[in-house]
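Notes follow once the structure below has been shown.
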Ligand SMILES: C[S@@+](CC[C@H](N)C(=O)[O-])C[C@H]1O[C@@H](n2cnc3c(N)ncnc32)[C@H](O)[C@@H]1O
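In UniProt numbering, the protein residues as written are 1 to 519.
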C-alpha cells in the first residue's frame, strides 16, 4: 500500500469507466433455494479413508521435483485427475451457494457499526467486473473515499491471535508463507459460525475466475503463452499445499478443535487461496516496524483501472485510507489502481485481463547454456551486473520494449571471448559504474556484438510469435464472440496483448539493425 503523485487519466480510460459505470441488477441465478437440504457434516469412515489415500497420492505426485527441462504440462493430467477424484468424494460436503447480493446489507451495517462511513458509496454489480463500488454523489480527485480501521481487517497478525495461533507457531510453512496463513485464517473464520468477520466473509464471492477454477480444456486456451506454464505451476503448488495442510490438520494436536479441520475440502482451500490472491494488500504492522499481509473489507470491493496508487495507511488513526483516483460523478463506478502488473500476472493472480493495461509485459526466459564453452566467463560478467546466468526477463509494451537488464544480458550472451576477456572479466573488469554501459541502449561496446543482440532478439520474438496456434485476428474475433466463454475471451485478450508486444519488439529490433548498418 502506498500513495503516489496524482495523475490525470487518459480519455480512453475515462470512456472505459463510463462504459463500466452502467449498474446491473445483482444476479440471483445459480443460487440454491432455501429448501436445499444441508450437506452431511462428515463423510462415512470408508469414504474418509479413500479421501485420505487420494490426498497422500496427491502429495507424493506434487512433491516430485519437475525433471529439468520437463514441461509443467507433463504431470498435470495426473494431478488434475487426483484433485477431481478428491472433489467428487467431497462434493457431499459442499454447502449450497448463497446469493451474494443478500449479504451486502448486513455487511454495510457491520461496517457502520464499527465506525466506517459508507455514505458516498453503494455496492453494485457492473458488467464484466463483478461487484464494485458506485459513487452516490459527485466526488473530486483526491477526496477521501474510505477509511477502514485495522480492527476490521483480517491480517497475518490477527491470524496469530486467533484460534489458529498455536498451529502457526508450530508449522514452518505457515511461518514463512503469509499468504497461506491468511488463506487458512479466512477459511477458519468462514467455518466459525460466530466469527467477528462473518458479515465480511459472507459478502465475498462464491467462486473466482482464477485459473485454479479452470478445467484442463480451458488451460488449452493459453497455448502459446508463457502464462500457460505459470497457471499450471500455480495449480500444482496449490494442490501440494492442499495435500500438505490436509494431513497437518488431521494429525497435529494444535488443529484438534479448529473449525477448519472438518471443512478442509479442496473446494474450500482454492476458494480461500483465491480470496487472498485477488484481494490481499500489504499493511504496515501496528508498530510500523514491518509490513504484514491483510484483507481490507470494503476497500477490496474496488475494481482496477490504469492510474496511480491512491491508498495509504494513516498510522495515527490506525486505518487504511483510500482517496479518489480521479473525479467520479454520481452513479459512476469508483475504480482504483492495483499496481503495475502485467496481464499475465493479472490473469494468474487476479483472474482478469485488462485490455488497456499500460504496464503490460511479456515474460521471456533466457539462459546461458551450461554446454557453452564461455559459460563460466559469461556467468562471471553477468554476476558483476547482478544478473543470474539463467532467469526471466521482460519485453514491455510501448516505445521501449527492451529494458536495461535484458539488454545487458543479451550483450553478454552474444559477446565474443576476446571482448569478454579484454573488457569485462578478471583484472580488466571495469568498476560497477562502467559496467552499467552494458545496460545503456544509447551506447554500445562493439558493433558486431550489437548486431548479434538485435538479430537474436528479432529471431527469438519471431519464433515465440509462431508458437501461438491461431492468428491475432482470430483471437480478436473471439473476444467479440457472444457465445465465447469468459475464460476463452480472457485467454484471447491475453494472447492479443502478448503478440502485440512481440510484433512491436520485432519491429524495434529490425530498426535497430538497420540503424547499425547505416552508422
Ligand atoms: C479486489 S476484487 C474487486 C471486487 C470484485 N469485483 C468483487 O466482486 O468482489 C478483485 C477482483 O475483481 C475483478 N476485477 C477487478 N478489476 C477488474 C477489471 N478491470 N476487469 C475485470 N475484472 C476486474 C477480478 O475478478 C478481480 O479478481
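Note that CB positions come from ideal geometry on N, CA and C, so glycine has one too.
If the criterion is Cβ atoms closer than 7 Å, does the pair residue 410 and residue 111 meet it? Taking the first residue of the chain shown as position 1, residue 410 is located at position 410. Taking the first residue of the chain shown as position 1, residue 111 is located at position 111. No, these two residues do not count as a Cβ contact at 7 Å.
Can you tell me whether residue 27 is buried or exposed, with buried defined as 16 or more other CB within 10 angstroms of its CB? Here residue 27 refers to the residue found at position 27 of the chain shown. In this prediction, residue 27 scores a pLDDT of 30, lower than 50, which makes its location untrustworthy; the coordinate-derived value is nonetheless stated afterwards. It is exposed - the Cβ of residue 27 has fewer than 16 other Cβ atoms within 10 Å.
Out of 344, 162, 268 and 123, point me to the one whose CA is closest to residue 332's CA. Against the chain shown, residue 332 aligns to sequence position 332. Closest by alpha carbon: 123.
Name the DSSP beta bridge partners of residue 396, please? Start at 1 with the first residue of the chain shown, and residue 396 comes out as number 396. Residue 396 pairs with 361.
Is it the case that the Cβ atoms of residue 404 and residue 439 are separated by a distance below 7 Å? Reading the chain shown from its first residue, position 404 is the one you call residue 404. Reading the chain shown from its first residue, position 439 is the one you call residue 439. Yes; because the gap between Cβ atoms is below 7 Å, this pair is in contact.
For residue 337 versus residue 307, is the C-beta distance shorter than 7 Å? For the purposes of this step, residue 337 is taken as the residue at position 337 of the chain shown. For the purposes of this step, residue 307 is taken as the residue at position 307 of the chain shown. Their beta carbons are under 7 Å apart, which means residue 337 touches residue 307 by this criterion.
Cβ-based burial, residue 506 [other Cβ within 10 Å; buried from 16]: Counted from its first residue, the chain shown places residue 506 at position 506. Counting Cβ neighbours within 10 Å, residue 506 comes out buried, since at least 16 surround it.
Is residue 394 near ligand 1, going by C-beta to nearest heavy atom under 6 Å? Stepping through the chain shown from its first residue, residue 394 is reached at position 394. No, Cβ of residue 394 sits at least 6 Å from all heavy atoms of ligand 1.
In angstroms with no decimal places, state the Cα-to-Cα distance between residue 262 and residue 159. Here residue 262 refers to the residue found at position 262 of the chain shown. Here residue 159 refers to the residue found at position 159 of the chain shown. Rounded to the nearest angstrom, the two C-alpha atoms are 19 Å apart.
With DSSP as the reference, label residue 250 as helix, strand or coil. Here residue 250 refers to the residue found at position 250 of the chain shown. Residue 250: helix per DSSP, three-state reduction.
Find out if the Cβ-Cβ distance for the pair residue 504, residue 401 is shorter than 7 Å. Here residue 504 is taken as the residue at index 504 of the chain shown, counted from 1. Here residue 401 is taken as the residue at index 401 of the chain shown, counted from 1. The answer is yes: Cβ separation under 7 Å.
Please report the residue range of the alpha helix (DSSP H) in which residue 509 lies. Within the chain shown, the letter at position 509 stands for residue 509. Residue 509 -> alpha helix (DSSP H) spans 486-518.
Check each candidate in 381, 423 and 395 and name the one with the smallest Cα separation from residue 342. The residue labelled residue 342 in the question sits at position 342 within the chain shown. The candidate whose alpha carbon is nearest that of residue 342 is 395.
Classification of residue 180 by the beta-carbon crowding that lies within 10 angstroms, buried from 16 upward: Stepping through the chain shown from its first residue, residue 180 is reached at position 180. Counting Cβ neighbours within 10 Å, residue 180 comes out buried, since at least 16 surround it.
What three-state label does DSSP hand residue 319 in the structure shown? Working through the chain shown from its first residue, we reach residue 319 at position 319. Strand.
Would residue 414 be called buried (16 or more neighbouring beta carbons within 10 Å of its own) or exposed? On the chain shown, position 414 is the one that residue 414 refers to. Buried: at least 16 other Cβ atoms inside 10 Å.
Measure from the alpha carbon of residue 52 to the alpha carbon of each residue in 86, 76, 75 and 256, then state which is nearest. Indexing the chain shown from 1 puts residue 52 at position 52. For the residues 86, 76, 75 and 256, the minimum Cα distance to residue 52 belongs to 86.
Thinking C-alpha only, which one of 55, 50, 287 and 452 is nearest residue 513? Against the chain shown, residue 513 aligns to sequence position 513. Among 55, 50, 287 and 452, the Cα nearest to that of residue 513 is on 452.
What are the residues that DSSP puts in a beta bridge with residue 304? Indexing the chain shown from 1 puts residue 304 at position 304. The partner list for residue 304 (beta bridge, DSSP) reads 336.
Just to confirm the assignment, what range does the alpha helix (DSSP H) spanning residue 368 have? In the chain shown, residue 368 corresponds to position 368, counting from 1. That residue, residue 368, is in no alpha helix (DSSP H); it is neither H nor E in DSSP.
Name the residue from 220, 426, 102 and 136 whose alpha carbon lies nearest to the alpha carbon of residue 204. Position 204 of the chain shown, counting from 1, holds the residue named residue 204. Closest by alpha carbon: 102.
Other residues of its chain near residue 36: CB distance less than 6 Å, five sequence neighbours each side excluded: Locating residue 36 in the chain shown gives position 36, where the first residue counts as 1. Note that residue 36 scores 43 on pLDDT, short of 50, meaning its location in the model is unreliable; the coordinates nonetheless yield the value given after this. The residues are 96.
Taking contact to mean at least 3 C-beta pairs separated by less than 8 Å, is the stretch 314-321 in contact with the stretch 141-149? yes
Look at the Cβ atom of residue 82, then the Cβ atom of residue 108, and state whether they are nearer than 7 Å. Residue mapping note: residue 82 aligns to position 82 of the chain shown, counting from 1. Residue mapping note: residue 108 aligns to position 108 of the chain shown, counting from 1. Result no, Cβ atoms of residue 82 and residue 108 do not sit closer than 7 Å.
Mark residue 92 as exposed unless 16 or more other C-beta atoms lie within 10 angstroms of its C-beta, in which case mark it buried. Counted from its first residue, the chain shown places residue 92 at position 92. Answer is exposed; the Cβ neighbour count stays below 16.
Residue 343 CB to nearest heavy atom of ligand 1 below 6 Å: Numbered from its first residue, the chain shown carries residue 343 at position 343. Checking the Cβ of residue 343 against ligand 1 gives no.
Between the alpha carbons of residue 228 and residue 119, how many angstroms are there, rounded? If you number the chain shown from 1, residue 228 lands on position 228. If you number the chain shown from 1, residue 119 lands on position 119. Rounded to the nearest angstrom, the two C-alpha atoms are 43 Å apart.
Would you check whether ligand 1 has a heavy atom nearer than 6 Å to the C-beta of residue 354? What you label residue 354 is simply residue 354 of the chain shown in a count that begins at 1. Residue 354: yes, Cβ under 6 Å from ligand 1.
Strand pairing of residue 232, partner residues [DSSP]: Against the chain shown, residue 232 aligns to sequence position 232. DSSP, once it has assigned bridges, lists no residue as partnering residue 232.
On the CB-based measure, 16 or more other CB atoms within 10 Å of its CB, does residue 386 come out buried or exposed? In the chain shown, counting from the first residue as 1, residue 386 sits at position 386. So residue 386 counts as exposed.
Examine ligand 1 and report whether any of its heavy atoms sits within less than 6 Å of the Cβ of residue 340. As a position in the chain shown, residue 340 is number 340, starting the count at 1. Answer for residue 340: no, Cβ out of range of ligand 1.
Any idea if residue 199 is buried or exposed, counting beta-carbon neighbours within 10 angstroms, 16 or more meaning buried? As a first step, residue 199 must be located in the chain shown, where it is residue number 199. Flag for residue 199 reads buried.
Just curious, the beta strand (DSSP E) that residue 413 is in, first and last residue? Along the chain shown, one-based indexing puts residue 413 at 413. Per DSSP, residue 413 belongs to no beta strand (DSSP E); it is in the alpha helix (DSSP H), 404-413.
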